[in-house]
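Take a look at the structure:
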């Protein structure tokens, strides 16, 4: 089984997220990552769901999702050429002695320091899973005080016109 990235376009209404996630959970599948937000149309939201399963399982989940009244479109993006990103905020221990080392790591990973405390820094970074995992590993020796990740968001490369030519 492999991980699939599923884009679910839905009406931006209360309870839709619960109905979608409950449907997936009832089928016995674990959601590895979930990111939800409004689209260019404020009445529509897009969910990017990462779930593990083979093609047959994902096809079944897709068919079940289409049965939900608020679902507009479901697309398995897994085999497409994608731009995919995750956002992470990491609060790391940082007294004055180690701050230069942390700043160097931040620069190497093209991250940003977004908050400075007396004994800690909060670092923000975006990238694919491997980059975010590597940044996390680089900060572990300093002491990670808190960490939050958004989950994956993804979009097919090119314009809609480019994608129709395939």
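In our numbering, the protein residues as written are 4 to 169.
Every residue, glycine too, gets a C-beta built ideally from N, C-alpha and C.
Item	Value
Which of helix, strand or coil DSSP assigns to residue 66	helix
Member of 110, 145, 67, 5 whose CA lies at the smallest distance from the CA of residue 98	145
Residues near residue 167 by beta carbon distance below 6 Å, same chain, minus five either side	Note that residue 167 scores a pLDDT of 46, beneath 50, so its modelled location is shaky; the value from the coordinates is reported in the next line. Cβ within range, chain order: n/a, list empty.
Integer Cβ distance of residue 114 from residue 127, believed to fall under 8 Å	6 Å
Closest by C-alpha distance to residue 149, when choosing among 129, 21, 124	124
Paired residues, beta bridge with residue 8 - DSSP	53
Residue 50, buried or exposed, once every other Cβ within 10 Å from all chains shown has been counted against 16	buried
The segment 102 to 110 in contact with the segment 52 to 71 per 3-pair CB rule at 8 Å	no
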